[in-house]
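Just so we're aligned, residue 695 is where the sequence shown starts under the numbering used here, counting upward by one. So the structure is just underneath, and the comments pick up after that.
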Amino acid sequence: MIYKPPQQKLLRWIALFLIGTFLQFLFYIPTPVLSQNSNSCSNITAPLTPEEKTYARGAWQYFVKNYQPATGFTNSTGGYPSGTLWDMGNYLMALNAARWLNLTDQADFDARLNKFLTTLSSLKLFEDTLPNKVYNAANAQMVDYGNNPLERGLGWSALDVGRILAAFDVIRTCHPQYNDWLKGIVAKWQVARSLKDGQLFGATVLPDNKTLLVQEGRLGYEEYGARGYGLWGFSAPKAIALEPFKLVEINGVQIPVDTRDFKSTNANNYVVSESYILDGIEFGLQGELADFAAKVLDVQKRRYDTTGQLTAVTEDNIDQAPYFLYNTVYANGANWVTITDANQPYPQFRSISTKAAFGWHYLFPDNAYAQKVFDAVKDLRSPDDSGYYAGIYEESKQPNKALTGNTNGLILEILYYKAKGNHPLIASGSASVSTGKPSENASPATPSNQPNSTVTTPIATPANISKPTEVAVAPIPPVDSPQPSSNLKLDQPLSVIERRYAEAAWGYFQANYHSKSGLIDDRSDFKGATLWGLGDYLAGLHAARSLDIITPKEFDQRTRHLLAALTKLPLFAGELPGRGYDTRSLQPVDYGGNPIPEGNGWSALDLGRILAALYNLKTCHPEYTAAVDKIVLDWSYLRVVREGILSSATVTKEQDGRSLTRVNPETRLGYEEYAARAFQLWGFNVDGSVIGGEYQTALVEGVKIPIQRHRTDTNSKVNQYTVSNPFLLYALEFGLDPQMRSLFEPIFQAQAERYRRTGTLTASATTLIDRKPYTVHSTITGKGESWVALGDDGQPVPKGRVVSTAVAFAYHALLPENKYSQELLQGTTDLYNPLAGFYEGFYEATGKTAVGFTSSTNSMILQSLLYKGMNRQPLIRPTTTMNSPWWVAVNKGNSGRGLPNTPTQRTRLISDSSGSYWVSGSENTPLVTGTKVTE
């Protein structure tokens, strides 16, 4: 055989090309549509202040002074003509920000980008596959990290590829005229070669000149890089998942840490700020990553609280050897270490990072600590106008005078994010996230506020998913100055830890507040509210003010806004507020979020929740009395209170298309009793619905558990189940009268007994979960079974039982000396995102967090903390006056709207040796006369 090396070499390259092409198709999925349109890029809704414009101009000067006209690239560090693909991504993000912030005009933008893309298109690739790890910025040659030319190159970095792919997406979205050019560049690169087994793989050259593929990325950066790939249709499901990770307690905070450390993988598992900041400003923090980011910020605050040392740690260049360090929260088994990539320690060079401080401040603009650390670096610019320095050394207090594209690019990107009204630069729908959440079939109701719902949840259809017109509601006019009774005095002030919990719970109501309408979403994943949810909000608002979590000014502004919104809600049949409303348009919606202009009935239980909250607002803040009474006097109670019992209205569709309204008695265990007590506060005779009569029970853990009330006034067949929520809310607000105590104590005892028998923490409640059916009832007993998890349709939810955070807090507030309530609290107190609120709880079966946030959970936590501060007195306080507009109207009689017959409350607050509690004031109220055990 004749030897023909050139032909064999040619065949080998052809084979490699075909393999690469095959892999490209193997890992490629269709590219999503552009994540947003160019109009949204220019939509500056929060223009920079004059001071912020100074920040932006200062950062942009770095790129002006470090521009390489021959290539269109910029230096990665001041005066040093070298750069990685990550640095190139930084520059593209900075260039885009500079254009929309008017730091450069369109002609200059185009000239810079054209030169950049021309050079990038012709770059020599490592093994003709992907860009080399680093290039000379002045001549675009492949080099090593010392900027020495290399014919072959060093390999490629998958994380750097992910970074520039994210930047490409922003450029093609905001400047669509470059889309085809960018698609051509990506098509030339064999991106799929950097993907294997659903993970990101970089390439490195070994001493024997062989190429080795190495898995890249640890928790934080791995997910960020994978999102960049996803924007261009390349799937890396394992990389975008959070696992494997563990929680490590640092300064009292549970910090997520990748379990793949330096010892086992020769790669650092450092926890730093920048990956979470990038994720936040570009993709929007979602799911557990949002929680992780908040914790990474919080632990740095805790270090400051403990040591007095301002802390903002991330990787940075420094102005002396070894020139690049990772300032970490945690790395390779140690806290607060500063290391090189080779894991060599340099604690003397730990620094406050300028880019980290900017990032945290603008991601969390209301965070006082983020403001403090930002103030320390916001003017840390070089005197010769060359950009921002990298930071301040902790030990020497001197500036770290390294000037980098990373620091200045990130500052520009952050300021652009701020100018866009804190909207992520890349739309959330353009890249997958690791934590799923409901996108359809999600009810606007919080789990506990629609217990009487028996209809199937409608599916939101494409025609009505479009964003509704937001209604701007003007707050009611200012009321009189707060009266002395408004200044609630706490018997027991919050501890430092309890205050942190209260602030976290209030975070839900900050994060889900609609500034135009004044309403709060019942749950964070759905733009809807019920009257029960608004009652939760009002109760939480009162608790936050009483605990001094919010100022009197914020309380007044929010209260006046909410009261105004309540007057604008369309009433079902002109009588009462309906079951659900869109929190933006204030229009009625069903439980799938679909508009229903005619409404879908009302819930007496929801009305009871809002009536209790409004009554307490009048009592504790009398200055709002006239406004509150005006709202409730607009409603008609003719059909909700009938013959001494509470009734709710539902709407059904007949086959011929007609809508029929049906009004039936409320029989949901616990909720009916709670709502009835609230109606009694306003003088209604609801003796048939208040606590009392004979309750049927079932034996659970050797304890008689109430399952339903024996009654002859209705044959309503409602899906009954027993959970803790309504009994806890009743106990917190109304106290435990002897009748309620006889139901409350067995319910708690059964859960404690189950824990003692099985070791399974049990806090049975109705909660939100992040998968179908989205709402789960973790029952004590339901449908004849003990400890079963049920959906709203009564169907079992396998492994769906959740240990409720709210229930744990409430039981501990009510029974602080009980060992089991103490165990419950210890198991749930860390389940919060400082800026989004407390999670619903954790799954009994796996221990994993039940991802989701609701007003119900966070309101109950705030109320539980207030109950403790009030020395365990009922939260609903008695009124001191009976001459308000409501009672005047009742006294007039013949209102035509079903007002009470006499201007007298049907319940009163009393105290005895067992404590304080509300009891019925009517002589006709039946007592609990007996129980019937169902085996």
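Glycine included, each C-beta is placed from N, C-alpha and C at the ideal position. For clarity, every value in this text was computed on a predicted model and none was experimentally measured.
Measure from the alpha carbon of His1315 to the alpha carbon of each residue in Gly1295, Ala1237 and Gly1386, then state which is nearest.
The sequence position of residue 1315 within the sequence shown is 621, counting from 1. Of the candidates Gly1295, Ala1237 and Gly1386, the one whose C-alpha sits nearest the C-alpha of His1315 is Ala1237.
How long is the line joining the alpha carbons of Ile1399 and Gly1478, rounded to whole angstroms?
Start at 1 with the first residue of the sequence shown, and residue 1399 comes out as number 705. Start at 1 with the first residue of the sequence shown, and residue 1478 comes out as number 784. In a straight line, the C-alpha of Ile1399 is about 12 Å away from that of Gly1478.
Pick out whichever of Thr1460, Ile1570, Gly1453 and Pro1568 has its Cα sitting closest to the Cα of Gly1541.
Here residue 1541 refers to the residue found at position 847 of the sequence shown. The option with the nearest alpha carbon to Gly1541 is Gly1453.
What residue does the alpha helix (DSSP H) around Gln1443 start on, and which one ends it?
As a working mapping, residue 1443 is identified with position 749 in the sequence shown. Residues Pro1432 to Thr1452.
At the level of alpha carbons, what is the spacing between Ser1614 and Ser1209?
Here residue 1614 refers to the residue found at position 920 of the sequence shown. Here residue 1209 refers to the residue found at position 515 of the sequence shown. Going from the Cα of Ser1614 to the Cα of Ser1209 covers about 39 Å.
So, with DSSP's three-state summary, where would you put Ala834?
Counted from its first residue, the sequence shown places residue 834 at position 140. It is coil, neither helix nor strand.
Looking only at DSSP bridge pairs, what is Gln1402 linked to?
By one-based count along the sequence shown, residue 1402 stands at place 708. Per DSSP, Gln1390.
Could you check whether the region 1560-1572 touches the region 1183-1198, counting it as contact only if at least three pairs of C-beta atoms, one from each stretch, sit closer than 8 Å?
yes
One question on the structure: do Met1434 and Asp1185 come within less than 9 Å of each other, judged by their Cβ atoms?
Your numbering for residue 1434 matches position 740 in the sequence shown. Your numbering for residue 1185 matches position 491 in the sequence shown. The answer is no: Cβ separation not under 9 Å.
Let me know if Val1582 comes out buried or exposed under the rule of 16 or more other beta-carbons within 10 Å of its beta-carbon.
Along the sequence shown, read from residue 1 onward, the residue named residue 1582 stands at position 888. Looking at its Cβ environment, which holds fewer than 16 other Cβ atoms inside 10 Å, Val1582 is exposed.
Just how far apart, CA to CA, sit Phe1421 and Arg1450?
Translated into positions along the sequence shown, residue 1421 becomes position 727. Translated into positions along the sequence shown, residue 1450 becomes position 756. Going by the C-alpha atoms only, they are around 22 Å apart.
Would you say Arg1371 and Tyr1424 are within 9 Å of each other, going by their C-beta atoms?
As a first step, residue 1371 is located in the sequence shown; it is residue number 677 there, counting from the start. As a first step, residue 1424 is located in the sequence shown; it is residue number 730 there, counting from the start. In contact: Arg1371 and Tyr1424 (Cβ atoms closer than 9 Å).
DSSP state of Leu1097, grouped into three classes?
Taking the sequence shown and counting its residues from 1, the one referred to as residue 1097 is at position 403. Leu1097: strand per DSSP, three-state reduction.
Report, in whole angstroms, the separation of the C-beta atoms of Leu789 and Phe803, which I expect to be a contact under 8 Å.
Counting from one through the sequence shown, the residue named residue 789 turns up at place 95. Counting from one through the sequence shown, the residue named residue 803 turns up at place 109. About 7 Å separates the two Cβ atoms, so the contact holds.
Determine the burial state of Asn796: buried for a count of at least 16 other Cβ atoms within 10 Å of its Cβ, exposed for fewer.
What you label residue 796 is simply residue 102 of the sequence shown in a count that begins at 1. Its Cβ having fewer than 16 others within 10 Å, Asn796 is exposed.
Nearest-angstrom Cα separation, counted from Trp850 out to Thr1499
Residue 1499 sits at position 805 when you count from the first residue of the sequence shown. Residue 850 sits at position 156 when you count from the first residue of the sequence shown. Roughly 46 Å between the two C-alpha positions.
DSSP three-state assignment for Ile1339, whether helix, strand or coil
As a working mapping, residue 1339 is identified with position 645 in the sequence shown. Here Ile1339 sits in strand by DSSP.
Going straight from the alpha carbon of Ala860 to that of Ala1267, what length do you get?
Walking along the sequence shown from the start, residue 860 turns up at place 166. Walking along the sequence shown from the start, residue 1267 turns up at place 573. Their backbone Cα atoms lie some 51 Å apart in a straight line.
Spatial neighbours of Trp780 within its chain, please: CB distance less than 6 Å, with the 5 preceding and 5 following residues excluded, ordered by chain position.
In the sequence shown, counting from the first residue as 1, residue 780 sits at position 86. Answer for Trp780: Asp854 and Arg857, listed in chain order.
Which of helix, strand or coil does DSSP assign to Asp1381?
For the purposes of this step, residue 1381 is identified with residue 687 of the sequence shown, where counting begins at 1. Reduced to three states, the DSSP call for Asp1381 is coil.
Which residue comes first and which comes last in the beta strand (DSSP E) that contains His1471?
The residue labelled residue 1471 in the question sits at position 777 within the sequence shown. Run containing His1471: Thr1469 to Ser1472, per the beta strand (DSSP E) assignment.
What do you reckon, are the CB atoms on Leu848 and Met836 nearer than 9 Å?
In the sequence shown, residue 848 corresponds to position 154, counting from 1. In the sequence shown, residue 836 corresponds to position 142, counting from 1. Yes; because the gap between Cβ atoms is below 9 Å, this pair is in contact.
For the candidate residues Arg1571, Trp1376 and Val1491, whose alpha-carbon lies nearest to that of Gly635?
With the chain running from 695 to 1629 in the structure shown, residue 635 is simply not present.
Might you give, ordered along the chain, the residues of its own chain that have their beta carbon closer than 6 Å to the beta carbon of Glu821, omitting 5 neighbours on each side?
Residue 821 sits at position 127 when you count from the first residue of the sequence shown. Correct list: empty, nothing qualifies.
Helix, strand or coil: which one does DSSP assign to Ala920?
Within the sequence shown, the letter at position 226 stands for residue 920. Residue state, collapsed to three classes: helix.
Say whether the region 1509-1528 touches the region 1488-1496, bearing in mind that this needs 3 or more beta-carbon pairs closer than 8 Å, one atom from each stretch.
no
Nearest-angstrom Cα distance between Arg793 and Ala801?
Residue mapping note: residue 793 aligns to position 99 of the sequence shown, counting from 1. Residue mapping note: residue 801 aligns to position 107 of the sequence shown, counting from 1. Cα-Cα distance, rounded: 10 Å.
Considering just the uninterrupted stretch of the alpha helix (DSSP H) at Tyr1561, what are its terminal residues?
Here residue 1561 is taken as the residue at index 867 of the sequence shown, counted from 1. Start and end: Ser1549 to Gly1563.
Would you check if the distance between the CB atom of Tyr1082 and the CB atom of Val1067 is smaller than 9 Å?
By 1-based counting over the sequence shown, the position of residue 1082 is 388. By 1-based counting over the sequence shown, the position of residue 1067 is 373. For Tyr1082 and Val1067, no; Cβs fall outside 9 Å.
Selected residue, minimal CA-CA separation from Gln1042, among Asn1094, Tyr829 and Asn1026
Here residue 1042 is taken as the residue at index 348 of the sequence shown, counted from 1. Comparing Cα positions, the closest option is Asn1094.
Residues in the same chain with beta-carbon distance under 6 Å from Ser1608, minus the five sequence neighbours each way, listed in chain order, please.
Working through the sequence shown from its first residue, we reach residue 1608 at position 914. Excluding sequence neighbours, Ser1608 sits near nothing in its chain.
Can the beta-carbon of Val1497 be found less than 9 Å from the beta-carbon of Ala1457?
Locating residue 1497 in the sequence shown gives position 803, where the first residue counts as 1. Locating residue 1457 in the sequence shown gives position 763, where the first residue counts as 1. Yes.
My assumption, with CB atoms under 8 Å, is that Thr1008 sits in contact with Ser958. Please give the rounded CB distance.
Numbered from 1 along the sequence shown, position 314 holds the residue referred to as residue 1008. Numbered from 1 along the sequence shown, position 264 holds the residue referred to as residue 958. Not confirmed; about 24 Å, so no contact.
In this structure, does DSSP put Gln718 in helix, strand or coil?
Within the sequence shown, numbered from 1, the residue matching residue 718 stands at position 24. Unreliable positioning characterises Gln718 in this predicted model, as indicated by a pLDDT of 47, which lies under 50. The coordinate reading is nonetheless provided below. Here Gln718 sits in helix by DSSP.
Is it buried or exposed for Asn1419, if we count other Cβ within 10 angstroms and need 16 for buried?
Taking the first residue of the sequence shown as position 1, residue 1419 is located at position 725. Looking at its Cβ environment, which holds 16 or more other Cβ atoms inside 10 Å, Asn1419 is buried.
Does Ser851 have its Cβ less than 9 Å from a Cβ in chain B?
Of the protein chains in the structure, only one exists, and it is not chain B.
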